[in-house]
Structures are given as C-alpha cells and as structure tokens.
Amino acid sequence: MIEGLVLLLVFQLLGNVAEMYFHLPVPGSVLGMFLLLVALIANDRLASWVRPISLVLISYLAVLFVPAGVGIMLHIDRLKNEALPIGVSLVVSTILTIAVTALVIKYSTIWLQKRKEQKGASHE
Numbered sequence: 001m002i003e004g005l006v007l008l009l010v011f012q013l014l015g016n017v018a019e020m021y022f023h024l025p026v027p028g029s030v031l032g033m034f035l036l037l038v039a040l041i042a043n044d045r046l047a048s049w050v051r052p053i054s055l056v057l058i059s060y061l062a063v064l065f066v067p068a069g070v071g072i073m074l075h076i077d078r079l080k081n082e083a084l085p086i087g088v089s090l091v092v093s094t095i096l097t098i099a100v101t102a103l104v105i106k107y108s109t110i111w112l113q114k115r116k117e118q119k120g121a122s123h124e
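So for the sequence shown, the numbering used here puts the first residue at 1; every next one is plus one.
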C-alpha cells in the first residue's frame, strides 16, 4: 500500500512541477492524474500498486469535502447574491460533464476492444 501512496504522490509532484515549469493553466494535480492515467495504460502492473490505497482514499472521500463545505458556509451571503449565475453554471457544467463522460466511455470501450482483438490476433 505504501508504494501506491508514493506513486500517487510522485505523480502529483510531477504534475505540479510541470505546471510551474511550463506555466500551464491546468492545476498540477490534474496534470499528475493525467500522467498517472497514461502510466497505468502503459503499464498494467502499476494498477496493483495503486488499487489498495485508492480504495482507502475513496472510503474517506466524504471527509475530504468537509473543509470545502465550511468554506462555502463562510461565504453564504455572497452566494445568495450570485445564486443565479452559479446555478446556471452548475447545470450547464453538469450536462457537459455527463456528455463528455459518455463520449469518453464510448470511445474508450471501442479502443480497448480493438486493442484486445489486436493482442488476440497477434498471439495466434
């Protein structure tokens, strides 16, 4: 489990370094997650390292939202004044997220099936 945690932290560090070095508008943690995804696709063994710590972190995910909830409550007056734009942006972004996720799943499934068929054909 420790190697999985170290791996997650290394990829977060790589993402943060890339963000600072290249002055990218994307948060370093997002870049790190993308780099981790690429590494997991390239090397299947890494999943066995990351899976145990990922399950532990997911089980505590609700606790990680507490600071954000407290921050929202501190700015409740401001949120009341800007409720309409916030609500519209939440609805639009949710719809876009669902659409993009559906497309990614669709094309990832097609890509994985082709990859599996190619591996099967090369072994025959």
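Positions of the beta carbon are idealized from the N, C-alpha and C atoms, including for glycine.
Sequence-distant Cβ neighbours of L7 in its own chain, meaning closer than 8 Å and more than five residues away, are L36, L46, W49 and V50.
By the neighbour-count definition (other C-beta atoms within 10 Å, threshold 16), G87 is an exposed residue.
Between L31 and E19, the C-beta spacing is below 8 Å.
For the pair G15 and L64, the Cα-to-Cα distance works out to about 21 Å. Where L24 is concerned, there is no enclosing alpha helix (DSSP H), because DSSP gives it neither an H nor an E.
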